[in-house]
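Report on the following structure.
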Amino acid sequence: MADHPTSPHYPIDETHDPSLESWVESANDPGTDFPIQNLPLCRFAPPGEWGLSDHLGVRIGDHVLDLSDVAYTVAIHSDSGGPAEAEIYEGENESQLLEEWSGPLGRRIRKRVQELLGTSIDAETRKKLESHLHDASECEFAPPATIHDYTDFYASLYHATSVGSMFRPDNPLLPNYKHIPIGYHGRASSVVASGTDIRRPVGQQAPAEDGGAPSFGPCKLFDYELEMGFVVGRGNELGETIDIADAEKHMLGLCLVNDWSARDLQKWEYQPLGPFLAKSFATTVSPYIVTMEALAPFRTAAFTRDAGDPSPLPYLTSEANSSAGGFDITLEVYLASEQMRTKGMDPLKISSGNFRDMYWTLAQMLTHHSSNGCNMQPGDLLASGTVSGKDKSSRGCLLELTWNGDAFASPPKLVPGTDRTPITLPTGEERKFLADGDEVIIKGFCEREGFRRIGFGECRGIVTPARTV
Ligand code: MN
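177 is the number that our numbering gives to position 149 of the sequence shown; each next residue is one higher, with no gaps.
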């Protein structure tokens with residue numbers, strides 16, 4: 029175990045003991061995403077309160093423990109000398125909660141919640157807790173934090189190279205790529221919870237031929253992007269920066285992200301200032317923040333750069349980041365058409381990749397983002413960019429999987445390892461891009477010998493028809 033990478037801020041401890049079990053039986057199922065070693069945070073409305081309330085919860089097996097209730101019923105941490113935990117569970121203090129949770133208090137609460145849900149708890153306490161436990165399938169989930177700002181990076185070298193070679197065949201990778209974690213400011217207002225329908229956007233598309241007039245209508249090349257995001261717990265003051273050595277202390281945890289993308293709108297609008305309306309119509313996040321503590325056993329070294337690649341500048345470099353800045357998270361994308369759902373068919377797995385394949389680490393993204401003095405705030409969402417690996421089976425969007433289909437008048441040149449074969453669904457339907465009624469489902473999980481498997485749940489959304497123009 030000594031040779032396994034670990035973050036200096038998030039050690040492996042007794043809360044990762046694989047032998048721990050819960051009195052919530054479903055949490056002991058070997059296939060669950062939510063054993064007692066995970067305990068991700070969520071915001072939810074219990075049955076009967078959909079659309080009316082916003083509670084803080086912890087997912088355990090098939091259930092959600094309502095922490096806002098529990099805090100008043102059972103002392104979350106009986107011997108705490110810190111702030112009154114019960115107070116920070118009130119909705120109006122969400123920023124404070126996120127800050128506290130990413131610090132030592134979060135660690136104490138993790139231990140205490142694990143104790144409360146563990147098999148050694150006394151019968152009386154267990155009985156009290158049972159009344160605050162809800163069946164997850166009967167709850168309504170919000171995004172896991174109130175997201176104030178959303179930034180999306182572009183941290184996969186494989187994705188950047190593929191997309192670059194389509195749009196700029198002679199110059200696929202711009203000269204800054206290996207020096208700067210490239211990103212753009214996304215739109216926080218349109219970040220939605222998993223399960224929200226996604227309306228096909230309408231927008232301006234390039235002229236069919238050079239010099240012609242552009243058109244305006246429903247997006248024809250509708251795509252998803254498989255991404256991971258992290259939620260900021262502790263922010264920084266305007267004008268201050270976040271040192272790479274401290275960057276992970278500012279992170280609360282990770283969630284799944286689908287950065288829905290309108291490729292035809294993107295192609296026409298993205299130069300010279302980057303994505304705009306091609307992305308801002310919707311971004312879906314999974315309902316759970318899997319905390320940095322829970323992820324401790326699943327850390328990996330940062331991406332190994334090719335011998336000829338430049339080293340990052342000193343402000344983006346640290347020993348800990350190089351040795352343990354990555355995350356070993358398996359990521360999968362599933363697709364189900366309306367016809368498949370009607371016929372009761374299972375969604376089709378269309379790709380499988382791993383988050384360790386990213387060229388830049390999350391710590392480098394956060395450090396770079398704040399390096400000009402830009403202030404991060406609790407609840408900010410920073411997403412990784414499309415997670416793509418080396419092989420075709422690990423490409424994280426349809427643009428790469430079907431090499432842009434043949435949708436453009438002059439489709440991009442194929443490069444070795446690519447082809448324009450559409451995806452064939454079990455109904456015989458073919459897909460180069462998303463059709464109305466298609467559901468995209470992203471899943472993620474971590475596995476390592478000697479530890480309990482933990483997962484992220486699902487990030488899903490169904491494409492609905494565009495509004496009429
Ligand atoms: Mn993206």
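Ideal placement from N, C-alpha and C gives every residue a C-beta, glycine not left out.
Of the residues M368, K418, Q405, the one whose Cα lies closest to the Cα of M386 is K418.
DSSP places V220 within a strand segment (E or B) once states are collapsed to three. With a threshold of 16 other beta carbon atoms within 10 Å, A364 meets it and is buried.
DSSP places N286 in the strand class (E or B) of the three-state scheme.
Within the same chain, and ignoring the five residues on either side of N264 in sequence, the residues whose Cβ sits closer than 8 Å to its Cβ are I270, H278, S398, N403, M404. Sixteen is the threshold: since fewer than 16 other Cβ atoms of the shown chains lie within 10 Å of the Cβ of A151, the residue is exposed. Shown here, F383 sits in a helix according to DSSP, grouped into three states. Shortest gap from the CB of E253 to any heavy atom of ligand 1: under 6 Å. DSSP, reduced to helix, strand and coil, places V497 outside both helices and strands of the structure shown, so it counts as coil. The segment 61-75 and the segment 370-389 do not touch, with fewer than three beta-carbon pairs separated by less than 8 Å. When DSSP states are grouped into helix, strand and coil, G146 belongs to the strand group. With fewer than three CB-CB distances shorter than 8 Å, the segment 133-150 does not count as touching the segment 184-199. Around the beta carbon of T452, a 10 Å sphere encloses fewer than 16 other beta carbons of the protein chains shown; the residue is thus reported as exposed. In the DSSP assignment, V361 falls outside any alpha helix (DSSP H) and within the unbroken beta strand (DSSP E) covering 358-364. For Y186, the enclosing alpha helix (DSSP H) starts and ends at 185-195. Ligand 1 has no heavy atom closer than 6 Å to the beta-carbon of G281. The C-beta distance from V86 to L69 rounds to 6 Å, short enough to fall under 8 Å. Nearest to W288 by alpha-carbon distance, out of S123, F461, P300, S130, is F461.
Between V415 and E276 the beta-carbon gap is near 19 Å, outside 8 Å, which marks them as no contact. One Cα belongs to K377, the other to I470, and the distance between them is close to 10 Å.
Note on the segment 288-342: whole alpha helix (DSSP H) runs with a minimum of 4 residues are 291-297, in chain order.
In this structure, the C-beta of G413 approaches ligand 1 to less than 6 Å from one of its heavy atoms.
Here the segment 328-340 does not lie against the segment 311-320, with fewer than 3 beta-carbon pairs under 8 Å apart. If you ignore the 5 residues before and after D225, its C-beta comes within less than 6 Å of the C-beta of I490, T492, all in its own chain and listed in chain order. Annotated as proximal: G261 and E127, with beta-carbon spacing under 7 Å.
Per DSSP, the beta-bridge partners of A73 are E168.
Membership of T492 in the beta strand (DSSP E) is indicated by the continuous run 482-492. Look at D180: its beta carbon is less than 6 Å from one of the heavy atoms in ligand 1. Set against 6 Å, the gap from the CB of D177 to the closest heavy atom of ligand 1 is not smaller. In the three-state reduction of the DSSP assignment, E49 falls in the coil class. Shown here for E486: same chain residues with a beta carbon closer than 8 Å to its own, the five before and five after excluded, namely S222, L284, S314, I469, I470, K471 in chain order.
The nearest non-hydrogen atom of ligand 1 is less than 6 Å from the C-beta of D287. Counting the other Cβ atoms within 10 Å of the Cβ of R488 gives 16 or more, which makes it buried. Shown here, M393 sits in a helix according to DSSP, grouped into three states.
Our two residues, A322 and G89, have alpha carbons roughly 15 Å apart in a direct line.
Only buried fits T60, as 16 or more other CB atoms lie within 10 angstroms of its CB.
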